[in-house]
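Engineer: Next up is a structure, given as structure tokens.
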């Protein structure tokens, strides 16, 4: 005999309260008003912003083809095509490092690293049908 369990979700808002508690998670005292101190995360469909004490410390923008993360003076941009990373760029205090990825049969084949506009190294990966067999590093 099969039993069917049905959960019904209500669209009304839920009551929430904050309490001080001990190590056993027993409620001690209600907290009347939470301060705006500490960390707070604001999330929308395409953006996440992390605040500490009301100041932005990290911001992440998300699109179908890229993710951009900003932390202070550092910006990291990752670009995607067909679900794989095609490039990543890290910029910080006037310095930049960009990595370009090339794929063959949906496996990584080559990675080019460019630092401050100059080619720094090329890494070529050699695969058989199932695993990495070797790689070549040219600096």
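Numbering (my numbering), first residue to last: 53 to 191.
Even for Gly, the Cβ is constructed at its ideal location relative to N, Cα and C.
Every value quoted in this text rests on a predicted model; they were computed, and no experiment measured them.
#1: Between the beta-carbon of residue 163 and the beta-carbon of residue 191, is there less than 8 Å?
#2: For residue 134, does the three-state DSSP call read helix, strand or coil?
#3: If distances are taken between C-alpha atoms only, which option among 187, 157, 142 comes closest to residue 124?
#4: Ordered along the chain, which non-local residues of its own chain (more than five positions away) have a Cβ less than 6 Å from that of residue 176?
#5: Can you tell me whether residue 151 is buried or exposed, with buried defined as 16 or more other CB within 10 angstroms of its CB?
#6: In angstroms, rounded to a whole number, what distance separates the CA positions of residue 101 and residue 127?
#7: When you compare the CB positions of residue 98 and residue 108, do they come within less than 8 Å of one another, or not?
#8: Per DSSP, residue 154 forms a beta bridge with which residues?
#9: Pick out whichever of 147, 146, 153 has its Cα sitting closest to the Cα of residue 139.
#10: Let me check one thing: in DSSP terms, what residues is residue 127 bridge-paired to?
Structural biologist: From the atom records:
#1: no
#2: coil
#3: 142
#4: 162, 188
#5: buried
#6: 14 Å
#7: no
#8: 162
#9: 153
#10: 122, 143
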